[in-house]
Structure formats: C-alpha cells, structure tokens
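Here the sequence shown stands for residues 23 to 585, numbered as in the working numbering.
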Amino acid sequence: MQHRLIGHILMENTGLSQQALEHALRIQQEKGGRIGEILMEQKAITELDLLKALSVQLDLPMTLSLSPEEANTGFAQKVPIHFLKKYRMVPVITPQQTMIAVNDPLSFQPVDDLRLLLDLEKTPVVLSPYSAILSVINFAYDMSGGSAEQVIQDMHGDETSRILSEIEETADLLEDTSDAPIIKLVNLMLSQAVKARASDIHIEPSQQRLKIRYRVDGLLYDMLSPPKHVQSALISRVKIMAKMNIAEKRLPQDGRIEIRIADRSVDIRVSTIPTAHGERVVLRLLDKSNVLLKVSDLGMPETALQDFENLIHSPYGIFLVTGPTGSGKTTTLYAALSTLNTTDINIITIEDPVEYQMEGVGQIQVNRKIDLTFAKGLRSIVRQDPDVILVGEIRDLETAEIAIQSALTGHLVFSTLHTNDSASAVTRLIDMGIEPFLVTSSVTAILAQRLVRVLCPHCKEEYQPDEASLRKIGITPRMAEGKSIFIGRGCPECLHTGYYGRTGLFELLVLDKEIRNLILKTSDANLIKAKAIDRKMITLRQDGAVKVLNGITTIEEVFRVTY
C-alpha cells in the first residue's frame, strides 16, 4: 500500500488550501521541521485536524479525552515527569484497558523506552490531544507527590541566591508562575498541604538533611526531604511571606500569611525557633472556607447532646471544655456560640489566636506585646454588657477569678482547660487557688473531649478482632454480638492511612446537687469521676467503644486517645 502524504490527507479532510500547503512547504525547505506542526503554527489547521490526519495516515486509533481519575498513577514513581512532558505521551492504565496515549506518534524510540520501563511490551498506542495527556501527567504526579520532588530535583546550589523575589501574599498560588525554584517549592508545599487536608506543616532541619512533615487528622506524616543546601533559602522565603525579620535567626518569631488556593482562603500562622541545625518552622493552616460545625455535627452521644444543648442555653454559669492541645475544644465552643448567636444576645470573646471569624460576635485577640492578657481583656469585656463571654483558656488564678465573678453576676461564660478528663478540671481549679464553694456555685458542667480519626469509607473492611483487643476498650463479647467491626485498608483517597476526617469522643460531667456536695468535701478527681459514673455519665472510652461498634472508628484509635 502506498504511503499517503500528510498534506494531501489534510487537504481532503479539512479544507486546507493548496496555497497554504505550498507556503508551509517553502518554510519547511528553508527552516526544516514537520509540515503538520508548521501548518499549526501558521493557524492553517488545528491540533485536532492534525491528529485526525495522522490517525488516517498511520492507521492509529484516536481518543479525545482521557479520565485521569480512573487511571493507575503508579508509573509516577518509575518515570521522570520531564520525560513524559518532553515526548508528549503518558501511559493510561484503567480497569477497562491499558494504552499509551501519544501526541507525537513519530517518537518511536521514547515509546519503546516507556514500554520497556513499565513492562508494557504489546500495549497499543492511541493519539490524544496534548491537553488531555498533560492533565493525566499532572494528576498522576500531583497525587504521588512527585511534582514536589521534581521541583527539588530541578534545584541547583547556585540558584538559591536569586530566589527571594517577593510575591503578593494574597495572590492565588495556583496562578503563580514564578520560575524561582524555591518559590515554586514553597507554593507547592502549601497547595499540597491544603489538598491533603493538613492542619500543620513542620519544616525540620537536622545535621545532614531537611525534612518537611504534614499533620493530617492529628498525626504527622513525612512528605518531602529537600536537599540541605536549600534550607536557608526555603525558610527565608516563608519568613518573607510572613513579614518576619529574615536577618534575625537567633530569636523565636511569629508571623502570619494569608493565601488563596483556587477558591479556598487559608490563614497561616507561622512560628520559628532557633535550633542547633538552623531554624525550625511550624505553619498552622486555618482554612477559612471551612464552615462552622453545628452542635449536632460534633458526634456527641444522644443523651449528652440533649444535656449539652440545655446547658448552653443556661442564663449564667461557667461551661468548661477540657482536653489536650488539638482536641477540638475551640470547634465545640464555636458550635455552641453559633447556636446562641442571635440578634438579641451580645457575645464577646477573647482568644489567642482568633481562629474563626464570626458575624455579629465581638472578638478580641490576646496581645502580650501591649500587655493585653486574658485577664485584662476579660475585665474590659464585663463592662461591655455581654450576655455570653468566651475566654479562650483559663491559664491563671486571675483569669479564673474574673470568669467566676462574671458567672456569679449573671453571665454565661465558656472557657477551656488543659486536663485529661472532666473530673480533673475541678481539681485543677481548686489547685489554682479557687475555693471549692466558688467552683460549685459557678461551674454548671465540664465537657472532656478527644478527636479520633474516622475510617475511610472507600477502603474500610470488616474484620474479627481478638477478645483481648475488645476488652482493652471495654467491649465485652456480648456487646459485640451482631455488630460489625472495621479496619482501614488504605487507599489513595485517604493517603493510604485508612482514615479520612475526625470526630469527637465526649465525656459530659454535669454538676448536679450530689456532685456539688462531693466537691465541697473533696477535690479528688477519682472520687468525683466514680460518683459521676454512678450518675450515668458516659466516659470518653465508653463513647469510643460505641463508635467502634457503630463502624465509625477503630479499636486502636480509641485506645490511642484514651490511654
């Protein structure tokens, strides 16, 4: 069969004129190149016209769209991204078929190299538009973290001296096309953290290397290891964005960055401390597009939820939420405030920092530089005729005393304490120096909470745990009868962790008459807790056991946070 010329096929199928073809042929004789690409440059044909003609000439199938979501992205670990981009091709491996999509079918050698590399010897080749191929490449390397690694590979020591060109801190990171490798790396680090639902980014220098870790659903995961020589430039870039002093490397500093990533607005708190191997940086990410939770979305047991809703509508008293850092105390209190936030109620808060912006609520930020502490702010709030006051944290006797006085004079006060369980909060207040009778007359309830990771709905599977594991969190064989218990297998949706998102475990101690009488006699947390359990209080571990039996979380998670 005679080989047909591409120009003739284009004239037959696309209405290409003889004059345009001859003009392109003259350019080819002068400068070289392929006739199809010259015609595209001259705007005589489109990419689709050329692909159709090549399909006819070479008898190759053509597909206009590729679905990256269905494709296996495992090849990203074996093939460098620049190789696929240079030769405009990508392997598309889906449950239905396996093929190599190419934009330039005459790159025979690179296609053969790719087949050898991925063991795809008899895989068919299909023609595809470059935009479709590029979307699969970008999706695959974004999912695998390879794109960040690629930026790191592209760096050279001599480039780090010219990288500190400042960009507008509220610019959309996905639109920033800066060529400086460090700027690209920082933008990528931030956008991947938001995509991975990270709450914190840790930049940790050691003697030989630099490590970047993300905290996702409460646990830290290694994400990147850039070369040691980019350390100072990387940290300087973050400090410039946070408007910090880049010359000061001996003292801790705090700063703030506001960025937009696509349609999401993210507030970032930056903290640096000097260490033996350079500055260590932690970035706390607060996604402003996250909607405030309702009280019913927190994950409280039904009985505790009814008591909680009654208590937050009390006319006065102190409602305390306790738990370690990062256990969701602020989220719970804001859910309560959003329930109470109506036009006929005046709500004022003092926080460190203000984490959520709330319409119609007066929010004060603690500022130690000008001596605006919780105690000083609280004294001023009381003079602002509030109905509800939120104090970010009771840290000292002075703040505790003002909060109690406010509760006794007809205000509803919400605050937090760092204690292990609800009963220990009573002991903590008395240890601070508050008289037991003031505790019993002002505190209405104490809510202890923890956050457990929720099983990923895409990869959770049923399994049969041994009896010892069940007893570890208080589940008897009888309780487990007829119930399904699950474990997370791990999949791309959940970054192969087996978990996606978090929910709360709650322990609500209501100070009724009997509990109050006991507190007047003793501040022993164990005795108070035992009494509360007699009064039908559900403990953190009991709430966790119920969530395991309901297929929400795992035995290991409950044991981890209630140990």
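The beta carbon of each residue, even a glycine, is placed where N, CA and C say it ideally should be.
What's the C-alpha gap between residue 369 and residue 363? 7 angstroms
Please give me, in chain order, every unbroken run of the alpha helix (DSSP H) with length at least 4 that falls completely inside the segment 466 to 514. 489 to 494, 499 to 502
For the beta strand (DSSP E) containing residue 233, list its first residue and its last residue. 232 to 238
Inter-residue spacing [alpha-carbon to alpha-carbon] between residue 450 and residue 441: 8 angstroms
Ends of the alpha helix (DSSP H) at residue 556? 547 to 556
Does DSSP put residue 159 in a helix, in a strand, or in coil? helix
Local conformation of residue 199 per DSSP, three classes: Confidence at residue 199 is low in this model, with a pLDDT of 47, below 50, so the placement of that residue is unreliable and no value is reported for it.
Exposed or buried, residue 485, counting other C-beta atoms within 10 Å across all chains shown (16 or more means buried)? exposed
Determine the direct distance from the alpha carbon of residue 563 to that of residue 499, and round the result to whole angstroms. 17 angstroms
Let's test the definition: count the other Cβ atoms within 10 Å of the Cβ of residue 203 and tell me whether it reaches 16, buried, or not, exposed. buried
With burial defined as no fewer than 16 other Cβ atoms inside 10 Å of the residue's Cβ, what is the status of residue 328: buried or exposed? exposed
Measure the beta-carbon distance from residue 361 to residue 317 and round it to whole angstroms, keeping in mind my assumption that it falls under 8 angstroms. 6 angstroms
When DSSP labels each residue in this structure, what does residue 585 get in the three-state scheme? coil
Just to confirm the assignment, what range does the beta strand (DSSP E) spanning residue 277 have? 275 to 283
Within the continuous beta strand (DSSP E) that includes residue 289, where are the two ends? 286 to 297
Can you tell me whether residue 31 is buried or exposed? The criterion is at least 16 other CB atoms within 10 Å of its CB, across all chains shown. buried
Go to residue 224, then tell me how far its beta strand (DSSP E) extends in each direction, as first and last residue. 220 to 227
Quick one: what does DSSP say residue 264 is sitting in, helix, strand or coil? coil
Buried or exposed: where does residue 523 fall if 16 or more other Cβ atoms within 10 Å of its Cβ makes it buried? exposed
Is the beta carbon of residue 306 less than 8 angstroms from the beta carbon of residue 446? no
Within 10 angstroms of the Cβ of residue 264, are there 16 or more other Cβ atoms? Answer buried if so, exposed if not. buried
Between the Cα of residue 351 and the Cα atoms of 554, 113, 208, 377, which residue gives the shortest distance? 377
Are residue 9 and residue 84 close, meaning C-beta to C-beta below 8 angstroms? Outside the displayed span of the chain (23 to 585) sits residue 9, for which this structure offers no information.
Mind reading off the beta-carbon distance from residue 97 to residue 113? Whole number of angstroms is fine, and I expect it under 8 angstroms. 5 angstroms
First and last residue of the uninterrupted alpha helix (DSSP H) at residue 72: 69 to 80
Is the beta carbon of residue 390 less than 8 angstroms from the beta carbon of residue 240? no
Applying the criterion that 16 or more other CB atoms from any shown protein chain within 10 Å of the CB defines a buried residue, is residue 438 buried or exposed? buried
At the level of alpha carbons, what is the spacing between residue 539 and residue 553? 11 angstroms
Given residue 127, which residues of its chain have a CB within under 7 angstroms of its CB, disregarding the five upstream and five downstream residues? 76, 80, 82, 147, 149
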